[in-house]
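One structure below.
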Amino acid sequence: MKKKMSMITLAATLCASTALATDGTSLQVAISDEHGPYVEAGNGLPVYMFDTRIGAGDGQTPLDSCNARCLGEWPLVTVDGDLVVDDEMDSQLAATVMWEGEEVAIYNSNALFYFYRDTAEGEPIGHGIRSFGGRWYLIAPDGTAISTD
C-alpha cells in the first residue's frame, strides 16, 4: 500500500488515461510497502531513473537510449514552469533540461520517466525492469537508485 508523506500536488484533477501526458511540476516523497520511500510526481505517479551503464546496457545517455517505442512505455516527466520538490528532498538535486523541445525533470543528474502501467493509487510496478538498453529504478529521496535486491 502506498502512503503519502507530503501533500504537494498538482492543481488539476487528472484521470489515469491522461496522467502520463501531464507535466510533473512537483516532486514529492511517497512510501511503498515493498520499496520504502521513493520519489513521485505531483500527480501521484512514481518516477524512475534509467541506468544504461549496467552489464548488457547500451551505454548511451538515458535520453538518447530511450527511442520512440521506449518513450511510449516510459514517458518523460515534463515540466511546465518551476520544478518544485518537497522538504524531504534536496532541492539542489532538482533541475530541468531541454530535450527535443520539452523541458524534462532531472533529479540527481538523472532524467525522470513514468512507467505507462503505473497508477496513482497502486504500488510502483516498473522498478527493476530491464528494457530498451538498461534498467529502470525508483529513486530514493536522496537521489540514489533504490536497490532491486
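According to mature numbering (1 follows the signal peptide of the UniProt record, and there is no 0), the stretch in the sequence shown is residues -21 to -1, 1 to 128, in order. Every residue gets a Cβ at the ideal spot worked out from N, C-alpha and C, and that includes glycine. Owing to the predicted nature of the structure, the values given are computational and were not obtained by experimental measurement.
Cβ-heavy atom distance between residue 76 and the ligand SAH below 6 Å? For the ligand SAH, the structure offers nothing, since it holds no ligand at all.
For a minimum of 4 consecutive residues, which ranges assigned as the alpha helix (DSSP H) are wholly contained in the segment 5 to 91? Within the segment 5 to 91, the runs of alpha helix (DSSP H) that reach at least 4 residues and sit entirely inside it are, in chain order, 41 to 44 and 47 to 52.
Can the beta-carbon of residue 125 be found less than 7 Å from the beta-carbon of residue 115? Residue 115 is positioned such that its CB atom lies no closer than 7 Å to that of residue 125.
Suppose the cutoff is 6 Å on Cβ atoms and the five residues either side in sequence are ignored; what does the same chain contact list for residue 2 look like? Note that residue 2 scores 48 on pLDDT, short of 50, meaning its location in the model is unreliable; the coordinates nonetheless yield the value given after this. Excluding residues within five positions, the ones whose Cβ falls inside 6 Å are 57, 58 and 59.
Going by beta carbon distance, what residues of the same chain come within less than 8 Å of residue 104, once the five residues before and after it are set aside? Within the same chain, residue 104 has close Cβ partners 94, 96 and 97.
Starting from residue 114, follow the beta strand (DSSP E) in both directions and report where the run begins and ends. Start and end: 113 to 117.
Residue 25 beta carbon less than 7 Å from that of residue 67: With contacts defined by Cβ atoms closer than 7 Å, residue 67 and residue 25 do not form a contacting pair.
Have a look at 7, 14 and 44 and flag the residue whose alpha-carbon is nearest the alpha-carbon of residue 111. Checking every option, the nearest Cα to that of residue 111 belongs to 44.
Kindly indicate which residue of 6, 13 and 7 has the alpha-carbon position closest to the one of residue 101. Cα-wise, what sits closest to residue 101 is 13.
State the DSSP-derived secondary structure class of residue 110, mapped to helix, strand or coil. In the three-state DSSP reduction, residue 110 falls in the strand class (E or B).
Can you tell which of 117, 128, 123 and 127 has its C-alpha closest to the C-alpha of residue 10? The shortest C-alpha separation from residue 10 is found at 117.
Under 8 Å Cβ to Cβ from residue 83, same chain only, skipping five residues before and after it: list those, please. Cβ neighbours of residue 83 beyond the five flanking positions: 42, 55, 56, 57, 58, 75, 76, 77, 90 and 91.
Sequence-distant residues of its chain with Cβ nearer than 6 Å to residue 46 (five each side left out): So no residue of the chain qualifies.
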